[in-house]
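Numbered according to the numbering used here, the sequence shown spans residues 97 to 592.
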Amino acid sequence: MNFNVRIIIHIMGLLLLCNGSFMLLATFASGIYKDGATLDIALAAIVTMLFGVMAMFYTRGHKKEVKRKEGYMVVTFGWVIMSISGMLPYLFSGAIPSVTDAFFETISGYTTTGASILNDIESLPKGILLWRSLTHWIGGMGIIVLAIAILPLLGIGGMQLFAAEAPGPGGDKLHPRITDTAKRLWFIYFGYTVVETIFLKLAGMSFFDAINHALSTLSTGGFSTKNASLAYWNDSPLIQYIIIVFMFLAGTNFVMSYFAFTGRVQRVLKDEEFKVYTTLVVVFTIIAGFIVYFQANVPISDYHPKVLGEAESAFRHALFQVIAIVTTTGFVSADFTNWTPFLTVFFFGLMFLGGSAGSTAGGIKVMRHLLIIKNGILEFKRTLHTNAIIPVRYNQKTVSEHIVYNIIAFFVLYMLLFIIGALVLGYLGLDFESAIGGAASSLGNVGPALGELNPVVNFSELPAFGKWWCGFLMLLGRLELFTVLILFVPYFWKKT
C-alpha cells in the first residue's frame, strides 16, 4: 500500500480538535442553564481534543500532500471518527447509556438524517440537546469542507478532500481556489443560521429552541427540542412558515444563494435544477394540499376563522411535509402516514427525490433525476437516428458521457442498496412497510419513515444490529455511495 498514513492521521486529529471545540459550545450552554451535565460534556470535549492534539503532534512531520485515495479515506474514516467521538457527551452524561444507541443518535446527527432512538427528548439536559443539534450543523455543510478552509494554514491542499466529500454532479465553483469556495459556503451557511434564529425568536420561540431549530433546519437534519417536533407549534403558523422558507433554502444549491447575494439573480432563475426543484415543490404541495383538505384531518390554528383555518392549515401542513421530505429535513408537523394511504405512498416516493446538488439535503438529488430523464428521452431519438451524436444538455451546456454514466451507475447502485437495506431489515423482523420505509429513510437521510418507524414513533425498537445497519446506510447516503463503497473494492488497496 502506498498511502500517506501520517497525513490521514494528522487530518483526523484536526477534525477531532474541531469536534471538541464545538463540544465546548455545548458545555457553555450547559453551564448557563445549569442542567447538571456541564462537567460531563466538558470531559467529553477535553478527551476529544486531547486525542486530536496527540494525533497532530505525533504526525507533525508528515508529507503535506493529499492524493485522491487519501481523500476518500479521510472523508469516510473522518465521518466515523467524528461519530465515535461525538457520542461521548451522551455516554458521559448518561443521557444515552448504550453505546449502540449513542452511536446511532450521533451518526444520525452528523449525516443529517434526524432519525432518533430517544423517547423523551424534552427531559434531556439543555447542553445535550444543543450538542445533538450541533452534530447536524457540523455534518450539514460537511466537516471536510470546514477542514479544507483550514488545511492551507497547515500547508496542506484540500482539493482531493472536497472532491471526495462532494462527489455529486454539481461542480460550480464560487472562486478558483477551493479554500475560498469552502469559506464562502460556510459564511452563507452561518449567515442563514443566524437570520433564522432571529426570525424564530421574534415569532415566539425561546432563544434556545430558536437556535436549535435553526441549526437543524439549515443542515436539513430534523432533530427538534420537542417530542412532537414542529407539531408543538401548530398554533403558531408563522413559526412553521419561517422554517418552511429556510428548509427550502437549505435544499437549494448554496451556489445559487451566492449568485443571488452578488446580484446575479437571472442566473438563479435560469438554472434548470432550481426551476425543476421549485416546480416540483409547488406541484406536490397542490396535490397533497387538496387531498389533505378533502380527505384528512389536520390541526387548525386558533388564529384563523374556521373556513380559512381549514384551507390554510391543510395547505400549510402539506407544504411543510412536502418540503421536509424533499429536502430530507424530516421535521414533522403532523403524522402524514395517518392522512390517507395515497399520501403515505406519495411521501414514500418523495424520499427518493432529494434536494438540489450542492445543498445540505440528502437523497438522489433533483439534478440526477433531471439528467436521467433527459438521457432517457434522448434514447428515443438515438434509436431512430443511430448514427447521430445527440448529447445531453444541462443549462445549455453539453454534459459529458462520463457524468451521464456516473449518474446512471449511482441511480442503479442506490436502488440496489435500498433493496438490500430493506431485505436486511425484513430479515431482522420488521414488517414490509417498516422495512422499506426504514431503508429509504436511512439511505436518503430523511429521518421519519413508515410503519413501526413512522414520524410519531422512532427507531428505538430496532434490534441492535438494525441500528448499526441503518447507521451504515446513513453514512452511505450522506457521502453519496461511491466515497464509502470504493473502500470495499480490492483494486483501491492495490499499489499503483
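Idealized CB from N, CA, C, for every residue including glycine. Everything numeric in this text was worked out from a predicted model, so none of it was measured.
Contact between the region 543 to 561 and the region 572 to 587 is absent: fewer than 3 CB-CB pairs across the two stretches fall below 8 Å. Less than 8 Å divides the Cβ of G182 from the Cβ of T231.
Annotation for L365: K371 place their beta carbon closer than 8 Å to its own, counting only its chain and skipping 5 residues before and after.
The Cβ-Cβ distance between A327 and S429 falls below 8 Å. Classified as buried, Y354 has 16 or more neighbouring CB atoms from the shown chains inside 10 Å of its CB.
Just measuring C-alpha positions, the residue of K563, T381, F444 sitting nearest H413 is T381. Using a C-beta cut-off of 8 Å, the region 497 to 516 makes contact with the region 467 to 480, since at least three inter-stretch Cβ pairs fall below that distance. Per DSSP, reduced to three states, the secondary structure at R363 is helical. Looking at I180, F188, M152, I103, the one whose alpha-carbon comes closest to that of A138 is F188. The Cβ atoms of S530 and C566 lie no closer than 8 Å to each other. Rounded to whole angstroms, I142 and P185 show a C-alpha spacing of 11 Å. Beyond the five residues adjoining it in sequence on each side, F344 comes within less than 6 Å, by CB distance, of I419 in the same chain, given in chain order. Between the alpha carbons of I104 and G318 lies a distance of about 31 Å. C-alpha of T196 to C-alpha of T456: approximately 26 Å in a straight line.
For K591, there is no enclosing beta strand (DSSP E), as DSSP gives it neither H nor E. By alpha-carbon distance to G525, the top candidate from N349, F416, F584, G562 is G562. Judged by DSSP in its simplified three-state form, K493 adopts strand. Between I335 and G300, the CB-CB gap stays under 8 Å. One thing to note: F200 has its Cβ no nearer than 8 Å to the Cβ of I180.
Per DSSP, reduced to three states, the secondary structure at V585 is coil, with no helix or strand assignment. In this structure, the straight-line span from the alpha carbon of F390 to that of T425 is close to 26 Å.
Annotation for N308: the continuous alpha helix (DSSP H) segment containing it runs 303 to 314.
The beta carbon of V388 lies closer than 7 Å to those of V394, A410, H413, A414, W435 in the same chain, with the five residues before and after it left out. S315 is not a Cβ neighbour of T202, given a cutoff of 8 Å. Between A384 and F304, the C-beta gap is not smaller than 8 Å, which leaves the two residues out of contact.
Around the beta carbon of N308, a 10 Å sphere encloses 16 or more other beta carbons of the protein chains shown; the residue is thus reported as buried. Between the alpha carbons of S496 and R574 lies a gap of roughly 25 Å. Scanning P437, I234, G148, K165 for the CA closest to the CA of P586 turns up K165. Just so you know, the alpha carbons of N115 and L446 end up roughly 33 Å apart. In the three-state scheme derived from DSSP, where H, G and I count as helix and E and B as strand, V553 is classed as coil. The beta carbons of A535 and L521 sit about 6 Å from each other, so the pair counts as a contact at 8 Å.
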